[in-house]
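Enquirer: If you read the sequences in order, they're chains C and L.
For the first sequence, my numbering assigns the number 1 to the initial residue and increments by one for each residue that follows.
For the second sequence, my numbering assigns the number 231 to the initial residue and increments by one for each residue that follows.
Number of protein chains: 2
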Amino acid sequence: MSSNPKPEPATVKLAPKAVVGRVCLYLRQLELLHGQGEITISSAELGAPLSIKNAQVRKDLAYFGQFGHPGIGYQIDDLIGALRHVLGVDHEWPLALVGFGNLGRALLGYHGFRSRGFKIVAIFDADPAKIGRKLDRLVIEPLESLLQVVAARQITLALLCVPAEVAQSVADRLVAAGIVGIFNFAPTPIHLPEHVSLIGVDLGAQLENLAYKVEKSRELAPGASQASSY
Amino acid sequence: MSSNPKPEPATVKLAPKAVVGRVCLYLRQLELLHGQGEITISSAELGAPLSIKNAQVRKDLAYFGQFGHPGIGYQIDDLIGALRHVLGVDHEWPLALVGFGNLGRALLGYHGFRSRGFKIVAIFDADPAKIGRKLDRLVIEPLESLLQVVAARQITLALLCVPAEVAQSVADRLVAAGIVGIFNFAPTPIHLPEHVSLIGVDLGAQLENLAYKVEKSRELAPGASQASSY
DNA sequence: TAGATTGTTAATCGATTAACAATC
DNA sequence: TAGATTGTTAATCGATTAACAATC
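1. Do we get a CB-CB distance below 8 Å when we pair glycine 204 of chain C with the residues of chain L?
2. How many Å lie between lysine 216 of chain C and alanine 248 of chain L at the Cα?
3. Where are the beta strand (DSSP E) runs, 3 residues long or more, that stay fully inside the stretch 46-117 of chain C, in chain order?
4. Between leucine 33 of chain C and chain L, is there a C-beta pair that is closer than 8 Å?
5. Determine which residues share a DSSP beta bridge with serine 169 of chain C and list them.
6. Inspect the CB distances between the stretch 35-47 of chain C and the stretch 65-81 of chain C and report whether three or more fall short of 8 Å.
7. What distance in whole Å lies between the Cβ atoms of alanine 205 of chain C and glycine 318 of chain L, which are believed to be in contact at a cut-off of 8 Å?
8. Given that isoleucine 199 of chain C touches chain L, what residues does it touch there, using C-beta distances under 7 Å?
9. Quick one: which chain L residues come within Cβ less than 9 Å of glycine 47 of chain C?
10. Within the continuous alpha helix (DSSP H) that includes valine 249 of chain L, where are the two ends?
11. Please work out which residues of its chain come closer than 6 Å, Cβ to Cβ, to leucine 291 of chain L, disregarding the five sequence neighbours upstream and downstream, and give them in chain order.
12. Confirm, please, whether the CB-CB distance from glycine 181 of chain C to lysine 443 of chain L is below 8 Å.
13. Nearest to leucine 192 of chain C by CA position, among C:Ser42, C:Asn54 and C:Leu174, is which residue?
14. Strictly by DSSP, which residues pair up with aspartate 428 of chain L?
15. Among C:Asn209, C:Leu97, C:Asp136 and C:Leu198, which has the Cα closest to the Cα of alanine 126 of chain C?
16. On the DSSP bridge assignment, give the partners of lysine 119 of chain C in chain order.
17. For cysteine 161 of chain C and glycine 71 of chain C, what's the separation of their Cα atoms in angstroms?
18. Determine the direct distance from the alpha carbon of lysine 364 of chain L to that of glycine 47 of chain C, and round the result to whole angstroms.
19. How would you list, in chain order, the residues of chain L whose beta-carbon sits under 7 Å from the beta-carbon of serine 169 of chain C?
20. With distances taken between CB atoms, is the gap from proline 417 of chain L to glycine 112 of chain C smaller than 8 Å?
21. Could you tell me which of C:Ile123, C:Leu27, C:Trp93 and C:Ile131 sits nearest to glutamine 154 of chain C, measuring between CA atoms?
22. Go ahead and label glycine 329 of chain L buried or exposed: buried means 16 or more other beta carbons lie within 10 angstroms of its beta carbon, across all protein chains shown.
23. Mind checking which residues open and close the beta strand (DSSP E) that includes alanine 388 of chain L?
24. Counting C-beta neighbours from all protein chains within 10 Å, is the total for glycine 430 of chain L 16 or more, i.e. buried, or is it exposed?
25. Take the Cβ of alanine 167 of chain C as the centre, count every other Cβ of all protein chains shown within 10 Å, and call the residue buried at 16 or more, exposed below.
26. Does any residue of chain L bring its CB to less than 8 Å from the CB of phenylalanine 118 of chain C?
27. How about proline 189 of chain C and proline 279 of chain L: do their beta carbons lie closer than 8 Å?
28. Spell out whether any CB of chain L is found under 8 Å from the CB atom of valine 139 of chain C.
29. For chain C, check one thing: does any of its Cβ atoms lie closer than 8 Å to the Cβ of glycine 329 of chain L?
30. Measuring only the C-alpha atoms, how far is alanine 285 of chain L from arginine 252 of chain L?
31. Classify valine 287 of chain L: buried if its beta carbon has 16 or more other beta carbons within 10 angstroms, exposed otherwise.
32. List the residues of chain L that alanine 106 of chain C touches, going by C-beta distances under 7 Å, in chain order.
33. Taking valine 150 of chain C as the reference, which of C:Lys130, C:Gly178 and C:Ala129 has the closest Cα?
34. Compare the Cα-Cα distances from alanine 406 of chain L to each of L:Thr386, L:Ile350 and L:Arg258 and report the closest residue.
35. Once DSSP output is grouped into helix, strand and coil, what is the label at lysine 364 of chain L?
36. Would you call glutamate 438 of chain L buried or exposed, if buried means 16 or more other Cβ atoms sit within 10 Å of its Cβ?
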């Protein structure tokens, strides 16, 4: 433990969503660079491949502390450690996968989760025909077991991949079982109590956004659009 | 040669990303209400289930025209038609599915696309073991066929579900084949020429966002977080 | 008319960018 | 020291919210 300036003088400034989103990208980029043997990096170099300006990078990082060295830049391994801690990905997260349809099946095998400490430790489905099926080391369980399994395996987060019609009611049951964060893939908004966090991705809506962009750039003229990177 | 530095003086206000995102939600909500036999709706009623304020709803819609009637509200079927046109979902969009791994397989069966006029009409993969396999009415084809198939089936959009390492190079080939919009699922930013539109969803990064929220609300106190709806 | 609700303007709020003294 | 780069403040930009005359 070093001589840290001021740990937290009641300044619980929770970072804006946009900032957190970008910090995730910085972390991934940093890990890539670390793997390539890089030692330090400047805000400009870090932002460039992500199309993010140097001032933005510095401001984002400054939300969480002072990590840089004037004239030098950022120590990559130190920054990786700091950002992992900030984002809460410096430890494992046991996940429940709820709804084992097409999308649920894909998420079970999705590498982007596992590589970040997110580990699916339970699968639930309402369909009696699916219950009992074995996958990997897991068995598909009925929603009736939610309460017991969530407690036993200390599950905190859930991937919700059920049909839109039942998304809200299943979400309610997840909350009742003690889940504190839900990643909603159902194409419908759901409402949760204040203490439960929520992220939603509506793939259909996203694709409509893309259609709009294309339609619009066609209108504007053959060859004028705004490019962007994600 | 082209004598237009600025094509349209007044009316080419391309709506901000956030506005388009919300309009997609309005459209879905309106279709739901239409199915329930509702005829008219006010901005307040439309926004409520989405946790969006009435002023915001009116402002968003006003980007695209005047659809409402003072004292009455909006005619649901008229508004649906208008928004579909604005978003470009009043006609079919032939899609290419590129990369037939876990996620690609899930997207092939994903109902949220088909119900909006998005229709997968070609599947590509680089793996010789997969090429030739039949699914639904489609055959998995090699990337070498891209140019020919995209032209023949008039494909404009692509779902990119390949590993991060090859995402950029495959995207380049898609662009070369004439694709004008890419939905990138690979967990890496890609860069495209100006005339090609891009939407990216990084599921791993999203899950990290959720982890951050949970971590943060734990710090703040047991029972204080910001709820939101998607 | 009285009540409801729009589209739009003005006020507020937040996020991005630029600029620069401080630091290595 | 000279050059590089930080963290932070100030300026700019954009998005959300409130307020209200106009309209049905």
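We put the beta carbon where it would ideally sit given N, CA and C, even for glycine.
Just so you know, these numbers come straight off a predicted model, no measurement behind them.
Expert: So, from the data block:
1. So, interface residue.
2. Annotation: lysine 216 of chain C to alanine 248 of chain L spans about 15 Å, alpha carbon to alpha carbon.
3. The beta strand (DSSP E) runs of length 3 or more contained entirely in the stretch 46-117 of chain C are, from start to end of the chain, 73-75 and 93-98.
4. No, leucine 33 of chain C does not count as interfacial toward chain L.
5. For serine 169 of chain C, which the question treats as bridged, DSSP gives no partner whatsoever.
6. As far as the Cβ criterion goes, the stretch 35-47 of chain C touches the stretch 65-81 of chain C, which means the pair count is three or higher.
7. Rounded to the nearest angstrom, the Cβ distance from glycine 318 of chain L to alanine 205 of chain C is 13 Å, too far for a contact under 8 Å.
8. For the C-beta of isoleucine 199 of chain C, the chain L residues within less than 7 Å are, from N- to C-terminus, Gln436, Asn439 and Leu440.
9. From the beta-carbon of glycine 47 of chain C, no residue of chain L is found nearer than 9 Å; the closest lies around 11 Å away.
10. Start and end: 247-265.
11. Around leucine 291 of chain L, the same chain offers Phe297 as residues with beta carbons nearer than 6 Å, after the five sequence neighbours per side are excluded.
12. Yes, these two residues count as a Cβ contact at 8 Å.
13. Looking only at C:Ser42, C:Asn54 and C:Leu174, the smallest Cα-Cα distance to leucine 192 of chain C is reached by C:Leu174.
14. Looking at the sequence provided, one finds leucine at residue 428 of chain L rather than aspartate. The partner list for leucine 428 of chain L (beta bridge, DSSP) reads L:Ile412.
15. Of C:Asn209, C:Leu97, C:Asp136 and C:Leu198, the residue nearest in Cα terms is C:Leu97.
16. DSSP output for lysine 119 of chain C lists C:Pro94 as bridge partner(s).
17. Taken atom to atom, the span from the alpha-carbon of cysteine 161 of chain C to that of glycine 71 of chain C is near 48 Å.
18. Straight-line Cα distance between these residues: approximately 43 Å.
19. Below the 7 Å Cβ cutoff, chain L contributes no neighbours of serine 169 of chain C, its closest Cβ being approximately 15 Å away.
20. Against a cut-off of 8 Å, the Cβ pair of glycine 112 of chain C and proline 417 of chain L comes out as a contact.
21. Answer by Cα proximity: C:Trp93.
22. Glycine 329 of chain L should be labelled buried.
23. From DSSP, the beta strand (DSSP E) with alanine 388 of chain L extends over 387-390.
24. Result: buried.
25. The residue in question, alanine 167 of chain C, is buried, as its Cβ has 16 or more Cβ neighbours within 10 Å.
26. With 8 Å as the cut-off, phenylalanine 118 of chain C counts as an interface residue toward chain L.
27. With contacts defined as CB atoms closer than 8 Å, proline 189 of chain C and proline 279 of chain L qualify as a contacting pair.
28. Residue-level contact check: valine 139 of chain C does not touch chain L, since none of the beta carbons of chain L fall below 8 Å from its beta carbon.
29. Taking 8 Å as the CB threshold, glycine 329 of chain L stays off the interface with chain C.
30. Rounded to the nearest angstrom, the two C-alpha atoms are 13 Å apart.
31. By the neighbour-count rule (16 or more Cβ atoms within 10 Å), valine 287 of chain L is buried.
32. Result: Asn332, Leu333, Arg335 and Ala336.
33. For valine 150 of chain C, the closest C-alpha among the options C:Lys130, C:Gly178 and C:Ala129 is that of C:Gly178.
34. Residue L:Thr386 is the option with its Cα nearest to alanine 406 of chain L.
35. Note: lysine 364 of chain L maps to strand in three-state DSSP.
36. It is buried - the Cβ of glutamate 438 of chain L has at least 16 other Cβ atoms within 10 Å.
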